[in-house]
Amino acid sequence: MTFFSLGLAPIVLKDISAMGFSDPTPIQKEAITKIMVGKDVLGIAQTGTGKTGAFLIPIIHRLQKLANTSTSPARHPVRSIILAPTRELADQIYNNAKSFTLSSSLRVGVVFGGVSIDQQTQFLNQGLEILIATPGRLLDHINQKNLRLESVSILTLDEADRMLDMGFLPDLQKIISLIPSKRQSLLFSATFSNEIKKFSKTILNSNYELVQVSKNNSTAITVDQTIYKLDNYEEKKKYIYQLINKRLSNQILVFVNTKLEASRLANYLDRRDILANSIHGNKSQSDRLTVLQSFKTGEIRVLVATDVAARGLDIEELPVVINFDIPFLAEDYIHRVGRTGRAGSSGIAISLMVPDDDTKIIEIEKLINRKIRRNTVEVKSTNKKEVVQPITNTQNNKKNILASFSSKSKNTKKHEKIPILLMKKNKIKKNMNE
20 MTFFSLGLAP IVLKDISAMG FSDPTPIQKE AITKIMVGKD VLGIAQTGTG
70 KTGAFLIPII HRLQKLANTS TSPARHPVRS IILAPTRELA DQIYNNAKSF
120 TLSSSLRVGV VFGGVSIDQQ TQFLNQGLEI LIATPGRLLD HINQKNLRLE
170 SVSILTLDEA DRMLDMGFLP DLQKIISLIP SKRQSLLFSA TFSNEIKKFS
220 KTILNSNYEL VQVSKNNSTA ITVDQTIYKL DNYEEKKKYI YQLINKRLSN
270 QILVFVNTKL EASRLANYLD RRDILANSIH GNKSQSDRLT VLQSFKTGEI
320 RVLVATDVAA RGLDIEELPV VINFDIPFLA EDYIHRVGRT GRAGSSGIAI
370 SLMVPDDDTK IIEIEKLINR KIRRNTVEVK STNKKEVVQP ITNTQNNKKN
420 ILASFSSKSK NTKKHEKIPI LLMKKNKIKK NMNE
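Under my numbering, the first residue of the sequence shown is numbered 20, with each subsequent residue one higher.
(1) Using CA atoms only, rank isn't needed, just tell me which of Thr245, Phe131, Gln163 is closest to arginine 389.
(2) Kindly indicate the opening and closing residues of the alpha helix (DSSP H) around alanine 73.
(3) Between serine 204 and chain B, is there a C-beta pair that is closer than 8 Å?
(4) CB alanine 73 to CB glycine 62, shorter than 8 Å?
(5) Comparing C-alpha positions only, which one of Ile136, Val127, Ile259 sits nearest to leucine 150?
(6) Please classify glycine 357 as buried or exposed, where buried requires at least 16 other C-beta atoms within 10 Å of its C-beta.
(7) Check for me: the alpha helix (DSSP H) holding asparagine 162 runs from which residue to which?
(8) When we look at the beta-carbon of lysine 4 and count the other beta-carbons within 10 Å, is it buried (16 or more) or exposed?
(9) Which term fits lysine 70, buried or exposed, when burial requires 16 or more other beta carbons within 10 angstroms of its beta carbon?
(10) Going by C-alpha to C-alpha distance, which of Ser172, Phe207, Thr221, Ser208 sits closest to glutamine 192?
(11) Measuring straight from C-alpha to C-alpha, what distance separates serine 172 and lysine 84?
(12) Would you call the segment 34 to 44 and the segment 183 to 191 touching, i.e. three or more CB-CB distances under 8 Å?
(13) Since leucine 262 is in the alpha helix (DSSP H), which residue starts that stretch and which ends it?
(14) Among residues of its own chain, excluding the 5 on either side of tyrosine 227, which ones have a beta-carbon nearer than 6 Å to its beta-carbon?
(15) Cβ atoms of valine 340 and threonine 359: under 8 Å apart, would you say?
(16) Using C-beta distances below 7 Å, list every residue in its chain close to asparagine 87, excluding the 5 sequence neighbours before and after it, in chain order.
(17) Nearest by alpha-carbon distance to leucine 75: which of Pro92, Ala64, Thr90, Ser99 is it?
(18) Using the Cα positions of serine 204 and tyrosine 260, report the straight-line distance between them to the nearest angstrom.
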């Protein structure tokens, strides 16, 4: 199946082709045709599956018949609202939407916190058909009467599970109540939790279509997942330093649970001559984008991030993810691990646990319905430097994962030279694999 066989408008196909795409991903094959005919859709898909394109392409197709070249703002009312949990994801969707409408007269815009609301008001007043927004900033504009909603016919919630986890439910309920009830609603989530099932009943029609391209709450099979057991926080710091210092990879995303820890760990690594920086909610939007760009271009090796700040990060072929902290929510493990092994490529996910993490690990394994390989490590200090050495592998008696990084196994072929060769600098992703 190709995009040309889906019955999309010629102008939409032109921009898809210009971006170098010919074949839709599985989620796109299933969702596009259903959305094109106006059905409500609940899409369950991990990151890296092309889910952004799965809703953007048919939305643009549906609105194309209303596109016009008039300069009058009245001829460009908001017809589609796309909600995202974070500024980074909203901006990413916006950039994809711009690429898909290069040949169209449809207008696209994005609003989120951290930037001037007055500047956003100016372009809202000029009129646009597709608006991408974070819930809080959208409500700000609604309350200030900066946009009208009576023409909205398509409402999309991307990463709905994350929005619920972040406490956006009251904002979402308010927004939904202000949008015409006669509309098409699309809800996309990485997990199919009970909360999502319950929430979907409040936003989708009873005859909605469920599109699911992976197992419930699964992690990609191309990701090699390992847990390293340590005794305490100080040992975790020493061990992550050794992992990174042994040229684990030239691009590593490290997850922590708090903003304070993000800054603290990045500083710890940076003081030890490992190029590292952090991204979290306390940093300004411009600072976050600058750090992210430095990570993408290879100016820094290690990006330490909180779950909220990392949502929406789109980094091509990210080879390694490390959970310095085990997430409080099992669902967050799926989101974190989903940063690597995307679109069928291989990846490595390492989790550092201490005894207090036992319950969280049990919940994670229950959710993903699989056991994660465990290694026990012992940290010994000398006068010269810390020595961290694996001593026990509790499952399958496999070799230390560091040894596997230089192996020539099929599963890690793509990154088999990571420890000794510089990774190619990743480019900002220009496709729909988010």
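Using N, Cα and C, we set each Cβ at its ideal position, and we do this for glycine too. The model shown is predicted, which means the values in this text are computed figures rather than measured ones.
According to the structure data:
(1) Along the sequence shown, one-based indexing puts residue 389 at 370. Per the Cα distances, Thr245.
(2) Position 54 of the sequence shown, counting from 1, holds the residue named residue 73. 70 to 82 is the extent of the alpha helix (DSSP H) around alanine 73.
(3) This model lacks chain B altogether; it includes just one protein chain.
(4) As a first step, residue 73 is located in the sequence shown; it is residue number 54 there, counting from the start. As a first step, residue 62 is located in the sequence shown; it is residue number 43 there, counting from the start. Yes; because the gap between Cβ atoms is below 8 Å, this pair is in contact.
(5) The residue you call residue 150 lines up with position 131 of the sequence shown. Checked all of Ile136, Val127, Ile259; the closest Cα to leucine 150 is Val127.
(6) Position 338 of the sequence shown holds residue 357. Under this definition glycine 357 is a buried residue.
(7) On the sequence shown, position 143 is the one that residue 162 refers to. Segment 154 to 162, the alpha helix (DSSP H) holding asparagine 162.
(8) Because the chain is modelled from 20 through 453, residue 4 falls outside the range shown and cannot be assessed.
(9) Locating residue 70 in the sequence shown gives position 51, where the first residue counts as 1. Buried: at least 16 other Cβ atoms inside 10 Å.
(10) In the sequence shown, residue 192 corresponds to position 173, counting from 1. Out of Ser172, Phe207, Thr221, Ser208, Thr221 has the C-alpha closest to the C-alpha of glutamine 192.
(11) Position 153 of the sequence shown, counted from the first residue, corresponds to residue 172. Position 65 of the sequence shown, counted from the first residue, corresponds to residue 84. Approximately 14 Å, taken between the alpha carbons.
(12) no
(13) Here residue 262 is taken as the residue at index 243 of the sequence shown, counted from 1. Start and end: 252 to 264.
(14) Sequence index remark: in the sequence shown, residue 227 carries index 208 (1-based). Excluding sequence neighbours, tyrosine 227 sits near Asp59, Leu61.
(15) Counting from one through the sequence shown, the residue named residue 359 turns up at place 340. Counting from one through the sequence shown, the residue named residue 340 turns up at place 321. Going by C-beta atoms, threonine 359 is nearer than 8 Å to valine 340.
(16) Residue mapping note: residue 87 aligns to position 68 of the sequence shown, counting from 1. Counting only Cβ-Cβ distances below 7 Å, and skipping sequence neighbours, we find Arg94, Ser124.
(17) The residue you call residue 75 lines up with position 56 of the sequence shown. The alpha carbon of leucine 75 has as its nearest neighbour, out of Pro92, Ala64, Thr90, Ser99, the alpha carbon of Ser99.
(18) The count along the sequence shown starts at 1 and reaches residue 204 at position 185. The count along the sequence shown starts at 1 and reaches residue 260 at position 241. Each residue's Cα considered, the two are about 46 Å apart.
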